[in-house]
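Residues in the sequence shown are numbered consecutively from 1, following full-length UniProt numbering. A short write-up of the structure that comes next.
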Amino acid sequence: MNIFNRKLTKRNEFIKLAWLSDHLKRINERTNEPERMKMHECSQHAKQQLCIYCSTCSKAICAQCILPMFDGEHIHHTHSRLDAAQQRLLVAIKEQEKNVQSDLDQLEKCIQIKGSIIDQIKTRRKESLNELEEFQTKIKTEIESEAMKYLKKFQDEQKSLIDERNAYKQKQAMLKKAITSCNQIELFKQEQKIFQRLSQRPKVPKVEKVDLSDDIGGSPLALPWQIGEFVIEQFSVKYRNRELMSSTSILLDHNQYWSLIIYPNGKDLRTDFYFSVMFNLNKGAPQLIGYNLFVELIHHHHDDSKHNYVLKSIRWFKEGQSNGFDQHYKLNNLSIDEFLNPKNDSIKFRFKLRPLSIFEERKLFQWQIESDNENKTKQNQAMKKIEDELANLRQDDRKRRQIIKDQQIEIQKMERYNSEFKRKRTQSNGDSRDNLNNQEDRRFNDVNIVNRNFSDAFKRCLRRNNALCTYNIE
């Protein structure tokens, strides 16, 4: 077939040929090959390929750059093969890529922690709002405001961490591109740029988990009352004798010990015919805690709020501090108002108290946790001390056992020597036998003395060992 008689292919049909893209790519590669070869040539020596790496100058050079006959500028420098230098550079870049990946992992953990905190905040906000629907709009507003404050804070921090993560990912992509895509020359040209960007990498912040178990809202939610009673027998006699009237220490919530005190006790002339009551926090709060106080002087016949005498107040307490009310009750009215029981000359008080708000109660919880942790630490220290003492005793026991074992070996040696001595003594005869007997008698006596000493020492060690074993068992 005459190829010149073939029908001409139109341009739009020619472009659709399957092999065209590969063919054009090969043409472009051949066209660009001289340019790439020129990039690999030495700038000082024409048509010389770059094949050596100068560590002194941190650049690629040709073979003539290190030869005196070509007036090379790198004659006395430190050189290595270009491919070997490339491998070292790739290893360094890969190590940096690992460090970036480690930082990314840490950032992911930080972001997860922040996300968990945000989830906790959202959950606590929802629970608080569900529980506080019956309260005033003001309380809901306070809770919402407090929650949004936390949300904004942690969301801003999380956004900052996400931005840092994206920046790290860009640096990681740059490193991966340098590892997989750059040729030798491009890699060395970008070396300074790569490590300069990596040196600007900020330190990954450390994010701690936050305990959000406390209520978010700042509302003074009502807490349950803690209730107790105090009965004073022979009140008139004690008051006349100026005795201090105080209840025994009463254990209430949060490991707090309270007592109720009748005040004054008759020593103050200005209030000698009046009395009131005071609360004393004996133990349980190292810092000031606000309390609602409520005390009733119980009517002798009718125990109800209508007939009882009521005192109310808000006071602040810390451990060892007393506080009370502004009102006083006239002593003569005890009998008139029928608060004094004439049968046994007694009066009865009912008291109630509670922290002012959940935040005051939180202080108590925090103190109780710290107190428990302190006790636990002391117990652990005591256990550690006991364990150390037991370890020392066991070590002493091993040493004594080794001493006993060594002494047993020595005793066995002495017994064998004694047996050998008796055998030789039996075989001896004549004058030489008498002389030998005298010598062996002296040696035998010495051996017996040593044997007795070792036996005594062995028995003492056995007694110590038995005593030590008994101590360990106890």
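Every residue, glycine too, gets a C-beta built ideally from N, C-alpha and C. These figures come from a predicted structure and were not determined experimentally.
Terminal residues of the continuous alpha helix (DSSP H) containing residue i?
i, result
"N308", "It is not in any alpha helix (DSSP H) - N308 carries neither H nor E in the DSSP assignment."
"residue 478", "The structure shown does not extend to residue 478, since the chain is modelled only from 1 to 474, so the question has no answer here."
"R242", "No alpha helix (DSSP H) contains R242, which DSSP labels as neither H nor E."
"N292", "Segment 289-297 is the beta strand (DSSP E) holding N292; no alpha helix (DSSP H) there."
Starting from the Cα of residue i, find the closest Cα among the options and give me that residue.
i, options, result
"C57", "A63, H74, M69, D396", "H74"
"Q158", "K109, N130, F188, I179", "K109"
"I250", "L356, T377, I261, T141", "I261"
"K114", "Y150, E97, S335", "Y150"
"L129", "A147, Y168, Q234", "A147"
"D85", "C54, F70, D105", "The sequence given here has Ala at residue 85, not Asp. The residue with the shortest Cα to Cα distance from A85 is C54."
"K306", "I298, I369, Q234", "I298"
"W258", "S322, Q412, K312, K399", "S322"
"A167", "Q101, K385, L244", "Q101"
"H328", "K122, K312, P342, G72", "K312"
"C62", "D119, T78, E41", "E41"
"T141", "I118, K153, K126, F351", "K126"
"W225", "K405, F294, Q408", "F294"
I want to see whether chain B comes within less than 8 Å of residue i, judged by CB atoms only; does it?
i, result
"G284", "Reference to chain B is not applicable here, since this structure consists of a single protein chain."
State buried or exposed for residue i, treating a residue as buried only when at least 16 other CB atoms are found within 10 Å of its CB.
i, result
"H23", "Note that H23 scores a pLDDT of 48, beneath 50, so its modelled location is shaky and nothing firm can be said."
"T180", "exposed"
"R124", "buried"
"P355", "buried"
"H302", "exposed"
"A60", "buried"
"K171", "buried"
"S247", "buried"
"R394", "exposed"
"Q96", "buried"
"E420", "exposed"
"H76", "exposed"
"A46", "exposed"
"L334", "buried"
"I314", "exposed"
"K385", "exposed"
"E164", "buried"
"L107", "buried"
Could you give the C-beta distance for residue i and residue j, rounded to a whole number, given that I count them as a contact under 8 Å?
i, j, result
"N308", "E296", "4 Å"
"F349", "S276", "11 Å between Cβ atoms; not a contact."
"L288", "Q256", "About 14 Å; that fails the 8 Å criterion."
"N292", "L252", "14 Å between Cβ atoms; not a contact."
"C51", "L82", "5 Å"
"E233", "S116", "Actually they are not in contact, since the Cβ atoms of E233 and S116 sit about 59 Å apart, beyond 8 Å."
"G228", "F317", "Not quite, the Cβ-Cβ distance comes to about 15 Å (not below 8 Å), so this is no contact."
"H300", "L340", "7 Å"
"I121", "F154", "7 Å"
"L175", "I93", "6 Å"
Let's see if you can read the secondary structure: which residues bound the beta strand (DSSP E) around residue i?
i, result
"L340", "Neither: L340 is in no beta strand (DSSP E) and is coded neither H nor E."
"L252", "250-252"
"N280", "274-283"
"K318", "It is not in any beta strand (DSSP E) - K318 carries neither H nor E in the DSSP assignment."
"Q327", "Per DSSP, Q327 belongs to no beta strand (DSSP E) and is neither H nor E."
"L353", "347-355"
"Q226", "226-232"
Runs of beta strand (DSSP E) lying entirely within the UniProt domain "B box-type" (37-82), each at least 3 residues, in chain order: Taken in chain order, the complete beta strand (DSSP E) segments of 3 residues or longer contained in the UniProt domain "B box-type" (37-82) are 52-54, 59-61, 79-81.
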